[in-house]
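Counted the way this note's numbering counts, the sequence shown spans residues 3 to 469. Below is one structure, written out as structure tokens, with a few remarks after it.
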Amino acid sequence: MMRLFLIAIVVSVLAAGCGRKIQAPVRAASTGIPEDDRLYREGLAAFHEATPEGYARAAGLFRRAAEINPRRCEYSLHHLESRLFLALEQKWNSEDNDANLSVTLPGCDAFESFNYRLQALSLFPELTVGMRDKAMAAVNRAVELDPNDPLNWYVLWKLGPTSRGEIQRAANIPPNLALIQYELGNFKMLEGEYAEARDAYERALTLSPRHFRSYIGIADSMAATDEDADIEPYLVKAVGIAPAFLAGRTALGSFYARMGETEKAVEQYKAALDLNSKYDNASLGLGIILAEADQTDEAEKYLAQTISLNPGSFRAYYYLGNIWFNRGEFARARTQYEEGLKYMPNFAETNYALGAVLYRLGNPDAALAQFEKVLRINSLYGDAYFSRGTIRLERRQLADALSDYTRAIRIYEGQVALINAQVRKAESRGLSRKVQALTKKRQRLEETLQNARDYRVTAEAEALKPR
Numbered sequence: 003m004m005r006l007f008l009i010a011i012v013v014s015v016l017a018a019g020c021g022r023k024i025q026a027p028v029r030a031a032s033t034g035i036p037e038d039d040r041l042y043r044e045g046l047a048a049f050h051e052a053t054p055e056g057y058a059r060a061a062g063l064f065r066r067a068a069e070i071n072p073r074r075c076e077y078s079l080h081h082l083e084s085r086l087f088l089a090l091e092q093k094w095n096s097e098d099n100d101a102n103l104s105v106t107l108p109g110c111d112a113f114e115s116f117n118y119r120l121q122a123l124s125l126f127p128e129l130t131v132g133m134r135d136k137a138m139a140a141v142n143r144a145v146e147l148d149p150n151d152p153l154n155w156y157v158l159w160k161l162g163p164t165s166r167g168e169i170q171r172a173a174n175i176p177p178n179l180a181l182i183q184y185e186l187g188n189f190k191m192l193e194g195e196y197a198e199a200r201d202a203y204e205r206a207l208t209l210s211p212r213h214f215r216s217y218i219g220i221a222d223s224m225a226a227t228d229e230d231a232d233i234e235p236y237l238v239k240a241v242g243i244a245p246a247f248l249a250g251r252t253a254l255g256s257f258y259a260r261m262g263e264t265e266k267a268v269e270q271y272k273a274a275l276d277l278n279s280k281y282d283n284a285s286l287g288l289g290i291i292l293a294e295a296d297q298t299d300e301a302e303k304y305l306a307q308t309i310s311l312n313p314g315s316f317r318a319y320y321y322l323g324n325i326w327f328n329r330g331e332f333a334r335a336r337t338q339y340e341e342g343l344k345y346m347p348n349f350a351e352t353n354y355a356l357g358a359v360l361y362r363l364g365n366p367d368a369a370l371a372q373f374e375k376v377l378r379i380n381s382l383y384g385d386a387y388f389s390r391g392t393i394r395l396e397r398r399q400l401a402d403a404l405s406d407y408t409r410a411i412r413i414y415e416g417q418v419a420l421i422n423a424q425v426r427k428a429e430s431r432g433l434s435r436k437v438q439a440l441t442k443k444r445q446r447l448e449e450t451l452q453n454a455r456d457y458r459v460t461a462e463a464e465a466l467k468p469r
């Protein structure tokens, strides 16, 4: 995907053409079709590709058509619509764009519904802050004027997805558009109808083979029903079509991270950051994968970068706290955990980590309170039972300690059994990378399970001692 930067849209320049002396249409010599009409048709085809390149190409074609035949005011409307869709694509791709987007509607009276739709598009929150209510009013008016235009329903859906079926309504109105089918897939994903979602994404690709977002959609719909599904080809295809698609890069990086392929994951996250150094999803993913690979100096850099870009990134605080914890810098770890909890108070992992660091700082009462909070959040959090049992063992609350260890062991055993089943399934399907990743995870869990068993033996021995 080529890097496209929106230049200012001042449609009043094109609109002024509507009042000029009408020029005779230029005809294509070979076909007899007026040149402006040919350009218009090509513009529609490019627009229907529903990709940044398609929108950029469409804008150029519509502009040329308007210059040739200013009387056809809809050319200016389509030109503006293409530029607005391009601007939204760039915003959704987190592209830096400081251009001044100045929108003046041409005011073609015969296209009132179109005008209202363009007004709504120009007031999208991504383009104009604080104008959502006006955007909703405009698109509702567009729908009222022309309920048979699928793009009117699409804009209504994008402004405020509801269960009223706006995107389903759009999908039932011709022409059949890749953009609509893609959003229908997103709607089906929200409804938990994953097979139907995949069908919609595949229809989008039939209509527009380079619609890279639909490849990500297919991967998501497959993973939702089968965690062992081979989604890599779809992610690779999306990135191959659109190398600058940031969400595609991070999705592929996350896939490699789950497979335990650190180098490939790092490559994708860094590629995203090379495209946009302010893309915090990539810096967070990179920080996490490096932290888990014990490359803590590099991990610290990217996690700190994430926080500078997004101060509310609670996961970044959590992993940064873990780095300080493993370095024995418990006070600094505590600061990170507490900061993260300001943004996500019920994130069980951070609550548990704060309890662990409070224990290391010599405050077992506060640690115990944290572990109990974790269990209120997630009653199957084995580490919280294990750690609470250890504090109770130290206090010679032996019956309670034994109960906690037993519950932790049962949870760990259940998790090991689940991983074993996943390994067998992956082996039967020849997923060697999945098997390797699961095997590493199982080894770590089995070590924790054995520690819990050892502590329970200690508690049992203490319980047998005479008082």
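Yeah, the Cβ is synthetic: ideal placement off N, Cα and C, and Gly gets one too. These numbers were taken from a predicted model, which means no experiment stands behind them.
Could you spell out the range, first to last residue, of the alpha helix (DSSP H) harbouring residue i?
i    : result
G384 : 384–396
D299 : 298–311
D367 : 366–379
K344 : 332–345
S315 : It is not in any alpha helix (DSSP H) - S315 carries neither H nor E in the DSSP assignment.
C75  : 75–94
Between which residues of its own chain and residue i is the CB-CB distance below 7 Å, once the five residues before and five after are set aside?
i    : result
S315 : D282, L286, T308, I309
S256 : G287
Q438 : G262
K266 : Y258
E97  : N278
Q424 : L440
E44  : L63
R171 : W155
T392 : Y457
A350 : V376, I379, N380, Y383
T130 : S124
N348 : I379
Once you ignore the five residues that flank residue i on each side, which residues in its own chain have a CB closer than 6 Å to its CB?
i    : result
L181 : A52
N95  : L248
A206 : A180, Q183, Y184, H213, S216
V28  : Note that V28 has pLDDT 46, beneath the 50 cutoff, so the model's placement of it is unreliable and the number below is only indicative. Around V28: E37, I70.
L292 : E300, A301
R200 : I220, S223
On the three-state DSSP scale, how would you describe residue i?
i    : result
V131 : coil
K467 : coil
H2   : The requested residue 2 does not occur in the structure, where the chain is confined to residues 3 to 469.
D148 : coil
E265 : helix
T460 : helix
F64  : helix
Q445 : helix
L125 : coil
A52  : coil
A295 : coil
G167 : coil
N348 : coil
Y281 : coil
N328 : helix
N174 : coil
L363 : coil
G287 : helix
E97  : coil
N142 : helix
N71  : coil
G162 : coil
Got a sec? Which residues, its chain only, sit under 8 Å from residue i by beta carbon, not counting five neighbours each side?
i    : result
M346 : F316, T352
L382 : I413
E462 : L404
E341 : Y319
L90  : L123, F126, E128, L129
- Of all the alpha helix (DSSP H) runs that stay within the bounds of the segment 176–258, which reach a length of 4 or more residues? Annotation note: the segment 176–258 contains the following uninterrupted alpha helix (DSSP H) runs of length 4 or greater, listed N- to C-terminal: 180–192, 196–209, 214–227, 234–243.
- Message: Going residue by residue through the segment 398–453, where are the continuous alpha helix (DSSP H) segments of at least 4 residues, counting only ones entirely within it?
- Response: Qualifying alpha helix (DSSP H) stretches, in chain order: 400–430.
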